[in-house]
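Below is one structure, written out as C-alpha cells; comments come after it.
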Amino acid sequence: MTVNLLTVVLFLPLAGFLAALCLPRASSEASRRWALGISLVTFVASLGLLGWFDRSTGGEQFALDIPWVASPNIHFAISVNGVSLWLILLSTLLTPICVLISWRSIRNRAKEYYAFLLLLEFGLIGVFLAQDLFLFFVFWEVSLVPMYFLIGIWGHDRRIYATLKFFLYTMTGSMLMLTAIIYLYNLAHTFNYWAILRMMSSGEIQLNSQEQMLLFLAFFIAFAIKVPLFPLHTWLPDAHVEAPTAGSIMLASVMLKMGTYGILHFCLPLFPNAAHRCSGWIAVLAIIGIIYGALVAMVQPNMKKLVAYSSVSHLGFVVLGIFSFTQQGLDGAVYQMLNHGISTGALFLFVGLLYERRHSLEIADYGGVATVAPWLSTAFLVTTLASIGLPTLNNFVGEFLVLQGSAIANFKWTVWASLGVIFSACYMLWLYQRVFYGPTGEAVRSHVSDLRAREWVAVLPLLAMMVWMGVYSQTFLPSVGKVTAQVLVQSEVNVPYRVETRPHAEVARVR
Amino acid sequence: MSADIVVSNFVSADMLRFLPEIILTAMGTALMVLEPILNKRTSSLFGHLSIAALLAGIAGAVVAYQHGGLAFGGMLRVDGFATFFRVLVMVVGILTILPSYSFLKRQDAETGEFHALLLFSITGQCLMAAANDLIIIFIGLEISSIASYILAGYLRDDKRSNEAALKYFLLGSFATAFFLYGVALVYGETGSINLSVVHDLVAADPGIYGALMGVAAALMFVGLGFKVSAAPFQMWAPDVYQGAPTPVSAFLSAGPKAAAFAVFLRIFLTGFAPIGRAWEPLVWLSALASMTIGNFAALRQTNMKRMLAYSSIAHAGYVLVALTSRSEVGAAAAMFYLGAYGFMNIGAFAVVSHLSGRGETRTSIDDLAGLGQTQPMTAAMLSIFLMSLIGVPLTGGFFGKFYIFKAALDSHLVWLTVLGLLNSAVAAYYYLRVLVVMYMRDPVESAGPVEPLTPGFRLALIVPAIGTLFLGIFPSWVLNFAGKSAALLK
Chain F
1 MTVNLLTVVL
11 FLPLAGFLAA
21 LCLPRASSEA
31 SRRWALGISL
41 VTFVASLGLL
51 GWFDRSTGGE
61 QFALDIPWVA
71 SPNIHFAISV
81 NGVSLWLILL
91 STLLTPICVL
101 ISWRSIRNRA
111 KEYYAFLLLL
121 EFGLIGVFLA
131 QDLFLFFVFW
141 EVSLVPMYFL
151 IGIWGHDRRI
161 YATLKFFLYT
171 MTGSMLMLTA
181 IIYLYNLAHT
191 FNYWAILRMM
201 SSGEIQLNSQ
211 EQMLLFLAFF
221 IAFAIKVPLF
231 PLHTWLPDAH
241 VEAPTAGSIM
251 LASVMLKMGT
261 YGILHFCLPL
271 FPNAAHRCSG
281 WIAVLAIIGI
291 IYGALVAMVQ
301 PNMKKLVAYS
311 SVSHLGFVVL
321 GIFSFTQQGL
331 DGAVYQMLNH
341 GISTGALFLF
351 VGLLYERRHS
361 LEIADYGGVA
371 TVAPWLSTAF
381 LVTTLASIGL
391 PTLNNFVGEF
401 LVLQGSAIAN
411 FKWTVWASLG
421 VIFSACYMLW
431 LYQRVFYGPT
441 GEAVRSHVSD
451 LRAREWVAVL
461 PLLAMMVWMG
471 VYSQTFLPSV
481 GKVTAQVLVQ
491 SEVNVPYRVE
501 TRPHAEVARV
511 R
Chain R
1001 MSADIVVSNF
1011 VSADMLRFLP
1021 EIILTAMGTA
1031 LMVLEPILNK
1041 RTSSLFGHLS
1051 IAALLAGIAG
1061 AVVAYQHGGL
1071 AFGGMLRVDG
1081 FATFFRVLVM
1091 VVGILTILPS
1101 YSFLKRQDAE
1111 TGEFHALLLF
1121 SITGQCLMAA
1131 ANDLIIIFIG
1141 LEISSIASYI
1151 LAGYLRDDKR
1161 SNEAALKYFL
1171 LGSFATAFFL
1181 YGVALVYGET
1191 GSINLSVVHD
1201 LVAADPGIYG
1211 ALMGVAAALM
1221 FVGLGFKVSA
1231 APFQMWAPDV
1241 YQGAPTPVSA
1251 FLSAGPKAAA
1261 FAVFLRIFLT
1271 GFAPIGRAWE
1281 PLVWLSALAS
1291 MTIGNFAALR
1301 QTNMKRMLAY
1311 SSIAHAGYVL
1321 VALTSRSEVG
1331 AAAAMFYLGA
1341 YGFMNIGAFA
1351 VVSHLSGRGE
1361 TRTSIDDLAG
1371 LGQTQPMTAA
1381 MLSIFLMSLI
1391 GVPLTGGFFG
1401 KFYIFKAALD
1411 SHLVWLTVLG
1421 LLNSAVAAYY
1431 YLRVLVVMYM
1441 RDPVESAGPV
1451 EPLTPGFRLA
1461 LIVPAIGTLF
1471 LGIFPSWVLN
1481 FAGKSAALLK
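Heads up: the protein sequence lines correspond to chains F and R, in order.
Note that my numbering numbers the first sequence so that position 265 is 265, with each residue one more than the last.
Add 1000 to the 1-based position in the second sequence for my numbering, that's all there is to it.
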C-alpha cells in the first residue's frame, strides 16, 4: 500500500477537527453530522487495519518512521501491535457512540464540543501508536487539552474544580515523565523506543540500579496518576462526576488505559529490574485500590460517582495483573483493559441516558425505572452483569485470568483481590435494585422513557461486544498474548543485570 | 578563538555590518522631524513608517549577516548569534507596533515620539546583540533602557504609568551602574574591554584572574539580572508591566529581555566561560528562585498584566536554566526559547491591549469572562498563547522548554530540571485559570460589549499565533540556526 492505513486512521480525526472548526457556528446539526461521519469513517478505516493486521505475529505492524526534527533526533514513528490494535479499535468504536449519545444533550456550543471530541480521538489514537518517546509524550499531552475543555465547558456544577484538578494531576506526572524521557535521550541519543530497548539489552546503555529505579518511578508515577492507582486516584471521581456523558465515557474507557498501556509498553520492558523490585508494593497498592474502590462505590449516593469508584476497583485488577509478571496475568490485564472500556463505557452511557431524562444523578431520585423503560433496564442489566464478571460476559474472562496470574505469583494477592469481585456484585446489584426496581415515582414515570432508535444504535454495539468478548475471547487473546509474551521476556531479560547475565544472541532472538 | 582583532580596511563593510542600526536610527530621527509636519489625521503613518523601517532593518540584518565578521576594530561581531537576536528584537518591534495603532488611538495618544522611541530602543537592542565589547554593550544597554524608561511613562496623565516609569528609571539606572562597575573591574584586571581578548587572557590563566573576575561577573549579573527580571532583582517587573501602556509592557517583556539575555550569553559564555564553575551556583540559585517566585506569585494575581509580569519572571528563570548549563546546547536552547517566548508573550499582551479599553480599565482576569462566546477568535488565539506558555506540545513554548531542560540534563543538572519542570506544572494552574474564565464563565453584562477586532489587532494576534505554532510543529529550522550560531559564540 502506498498510503499507510495507520496514518489514515490517525489523521482522519485531526482533519475532521480542523474542518469542524470551520463549520458555521449557528448550525449545531452540521457539526454533529460531520463529527458522526468522520468518526464512522475512522472506525471503518480502523476495521481495515484489523483486516490487514497479521495476527500470526502480533508484533509491530504498519510501521512508519519519518524524521520530524533533526536535532534532537525526533521521529514521527508509529506502528501498531496486538495490544494497541484493540485499544485503537476501542477508541474508534466509542467516538461515534459518544457523538450519538451527545446528540440531544449538547446544545450549547456544539461546534466546539464535537471538534474537541475529534481532537481527543486523535490524541488517544496517537498515544497508542507512538513508538518514539517524544512523540508519545506529545500525544499524551495533546489528549489532555480537549478533555480539559470537554469537562470544563460542558460539565456539571463543579466542573471547573474538577477539570483543573484533572489537568494539574496529569501535568505533574507528565513533567516527571518528560524528565525521564530527556534523561534517556541523553544516554541513547534517540527517542526511538525500539532502539533504546535494543541498546539496553545489548549493554550499550547501562543504567545502575538507582538510575533505573528513579527512571522507572518517573514513568510509573505519570502512568499511575492516569490509571489511577490508589492513592493517586482522587482526581478521578471529580472528573467523572463533572464530565459530560461523552467525556466520562472517553475518560473511563480509553484515557485511563493510556496509563496501563504505558506501564505495559514502556515501564516493564525498559526498566525490568526496578519493575520487579517494586512489584510487591505496587500489587499491594492495586489490591488496596480494588477493595477501597469497591467499598467506597458501595456507599455512593450518586450513580456516576459509584461507577467512577468502580473504575478505580477495576483498574486495580489491571495493574495487579501486569505486576504479577505471568502470562495469564498480563493477558488478563490487557483483556480487562478492553472489557472495562466496553462495560464501564456502557455504564456511563446508561447513567447519561438516565440523567438526560430525569436530570438527576442521585440514586434516591430513581426507583421503578424497569416498569416505564423495560428495554433500557434490560440493557443496563446485561451491562451490570458484565461488570460484575458473570461468566459468558466479558469481564469474567479478564478477571479470571488476572486472578489466575496473580495466584501463580502470590496466592495471598488473589485472596484479597477476589474480595473486590464479590464487592462489585454487591454495589452493582444494589444500584440496579434501587434504580430499576421498587415503586415508580411520579417524576420517574413522567420523565423516563425507553430507549430511542438513536440510542439503540449506540447501545447495541457495546452489548454485542460484551457477549462476544465473553463467549469467544479467542478473537482477541491470541494477538494480545503474543505481545504480552514478548513483554514478559523483555522484562525477564536482565534480572538482576540485563547486560551481564544474557549474551547478545539470546536477546536478539527475543526481539 | 584567536584574539586577533581584525581592523577592517573597508569602512563600507563596517557600515554594512552596522546596517540595521543605521536604518533604525535614521527612521527614528526622521519620525521626530516629521512629527510636527504630519497632522493627527495621518498619524497611522508613523506606525506604517516604523514597520517599514523595521522590515528594512530585518533585511539589513540579513545583509549584514551575509557580510558577517568583526566591525569597527572588533567592537561589533556580526555573526549568526547577533543576527538571530537582531531579527528577534525587530520582529518584537513589529509585533509591538501592530496592536498599538488602535491602542494609541483609543488613548488619544498617537504621536511620532512613541514610534521614534521604540525604534531607538530597538536600535540599542540590536547593538547589544552584536556587541563584542563591554563598552558597546553598555552603550547599547543605555540606548535601549533610556528609550524604554520614557515609553513606560508614555501615558502622561496616567498615575500608574508615571509610577512605572519612575520606578523603572531609578532601579534601572542603579542596576546599570552595577553593570558598569563590573566592566571597570574587568578592564582594571585584564586591561581590555574586548570580550575575545578577555576570554583568551582569562582562559590562559584562570588562577590569576579568578577572584576579581568572579566579583566582576557577580556585579554584571546584578545589572543584567535586573534587565531580564531574574530573582532577586525582579521586584520592579510587576509594577512596571502593570503601569506601562500594554503594548509597551509587551515590548519590555520581550525585546529588552531578549537583548539582555543575548548579552548575558555573550559575556558569560565567552569572557567569563573560563571561570564558569565560580558563577554557576549563583545562576543556578537565581534560576530556581526566579521560576519559583514568579510562578507562585502569579498564582495569586487577579490582574492579567501583573500575572503576565510574574510569568515573565518565571520564564526568565527557565532561560537562566539554559545559561546554567554552560554549553552550546544551552545557548541554542535559550535562543530558541526567547524566540518562542517573544511570540507567545507578545501575543498574550496583545489580547490584553485589545480588551483593556479606554484608560486601560479592563485588565483584570475576570474581565475576560465569556470571551469564548463573545469573541471566539480572540479567545482561541489567547488559548494558543497560554497553551504555549504552559508548555503544551505542538507549541513553541513546549519545544523551548524541552530544549532548555534537555540542555540542563546534558550538563547533569538533574535537580534543577526536576524542580523546573515541576514548577511548570504549578504554572499551568494560573494559565488554565484564564482559560477557565474565558470559556467556562458567562460574559458579564455590566462590563459592556468588547470592541470588535481592528485589522491591526487581528494581525497582532494572528502573526504571533502562527509563529507559536510554527515553532511548535517545525522547530528544526530555527533550532538549527540557533545551534549553528551558538557554536560560533566561542
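Where is the CB? At the ideal position from N, CA and C, for every residue including glycine.
Just so we're clear, the structure is a prediction, and the values are computed from it rather than from any experiment.
Item, Value
"Give the DSSP-derived three-state secondary structure of S39 of chain F in the structure shown.", "helix"
"Check whether the Cβ atoms of L49 of chain F and V69 of chain F sit closer than 8 Å, and answer yes or no.", "no"
"With burial defined as no fewer than 16 other Cβ atoms inside 10 Å of the residue's Cβ, what is the status of L18 of chain F: buried or exposed?", "exposed"
"Looking at C-alpha atoms only, which residue of R:Y1149, R:I1094 and R:L1195 is the closest neighbour of I1135 of chain R?", "R:L1195"
"Output needed for R198 of chain F: all residues of its chain with C-beta closer than 6 Å, excluding positions within five of it in sequence on either side, in chain order.", "none"
"From the beta carbon of V1352 of chain R, is the nearest beta carbon of chain F less than 8 Å away?", "no"
"Could you name the residues of chain R that L178 of chain F contacts, counting a contact when the two beta carbons are closer than 8 Å?", "F1402, F1405 and L1421"
"Beta-carbon of M175 of chain F versus every beta-carbon of chain R: anything under 8 Å?", "yes"
"Along chain R, in chain order, which residues have C-beta atoms closer than 7 Å to that of M171 of chain F?", "A1425 and A1428"
"Going straight from the alpha carbon of F348 of chain F to that of L1389 of chain R, what length do you get?", "35 Å"
"Would G1483 of chain R pass as an interface residue toward chain F - the criterion being a Cβ-Cβ separation below 8 Å?", "yes"
"Where does Q61 of chain F fall in DSSP's three states?", "strand"
"For F76 of chain F, which beta-bridge partners are listed by DSSP?", "F:I66"
"Mind reading off the beta-carbon distance from A1052 of chain R to P1020 of chain R? Whole number of angstroms is fine, and I expect it under 8 Å.", "Their Cβ separation, rounded to whole angstroms, is 14 Å, which puts A1052 of chain R and P1020 of chain R out of contact at 8 Å."
"For V1006 of chain R, which of helix, strand or coil comes out of DSSP?", "With a pLDDT of only 49 at V1006 of chain R, under the threshold of 50, the placement of this residue in the model should not be trusted, and no figure is reported."
"Please report the straight-line C-alpha distance between N1480 of chain R and A1260 of chain R, rounded to a whole angstrom.", "22 Å"
"Is S102 of chain F close to chain R? Criterion is C-beta to C-beta, closer than 8 Å.", "no"
"So G1330 of chain R is in the alpha helix (DSSP H); what residue range does that whole segment cover?", "E1328 to S1356"
"Which whole-angstrom value describes the C-beta separation of T42 of chain F and E121 of chain F, a residue pair presumed to lie in contact below a C-beta threshold of 8 Å?", "7 Å"
"A224 of chain F to F136 of chain F, Cα distance in whole Å?", "16 Å"
"Please list the partners that D1410 of chain R has in chain F, where partner means a Cβ-to-Cβ separation under 8 Å.", "N186"
"Taking contact to mean 3 or more Cβ pairs, one atom from each stretch, closer than 8 Å, check whether the stretch 1364–1371 of chain R and the stretch 1401–1413 of chain R are in contact.", "no"
"On the three-state DSSP scale, how would you describe V459 of chain F?", "helix"
"For A1211 of chain R, count neighbouring C-beta atoms within 10 Å of its own C-beta (all shown protein chains included) and say buried if the count is 16 or more, exposed if not.", "exposed"
"Where do the N-terminal and C-terminal ends of the alpha helix (DSSP H) with G1140 of chain R fall, by residue?", "L1134 to A1152"
"How would you list, in chain order, the residues of chain B whose beta-carbon sits under 8 Å from the beta-carbon of S71 of chain F?", "The structure shown contains no chain B; its protein chains are F and R."
"Please list the residues of the stretch 157–169 of chain F that have a C-beta atom closer than 8 Å to any C-beta atom in chain R, keeping them in chain order.", "R159, I160, T163, L164, F167 and L168"
"Please report the Cβ distance between F1226 of chain R and G1182 of chain R, rounded to the nearest whole angstrom; I am assuming they are in contact, meaning their Cβ atoms lie under 8 Å.", "Actually they do not touch by this definition, with Cβ atoms about 12 Å apart."
"Under 8 Å, CB to CB, which of the residues in the stretch 409–437 of chain F have a partner in chain R?", "none"
"Is G1069 of chain R helix, strand or coil when you go by DSSP?", "strand"
"What is the C-beta distance between H1354 of chain R and P1036 of chain R, in whole angstroms, given that I count them as a contact (C-beta under 8 Å)?", "With a Cβ gap of about 30 Å, H1354 of chain R and P1036 of chain R do not count as contacting."
"Note down, in chain order, every chain R residue with its Cβ under 9 Å from the Cβ of F271 of chain F.", "Within 9 Å Cβ-Cβ: nothing; F271 of chain F doesn't reach chain R, min ~17 Å."
"Strictly below 9 Å CB to CB, what residues from chain R border E141 of chain F?", "G1391, V1392, P1393, L1394 and F1398"
"Please confirm if F149 of chain F has its CB atom under 8 Å from at least one CB of chain R.", "yes"
"Please state if the CB of L1104 of chain R and the CB of F1114 of chain R are separated by a distance shorter than 8 Å.", "yes"
"In the structure shown, what three-state DSSP assignment does V1183 of chain R receive?", "helix"
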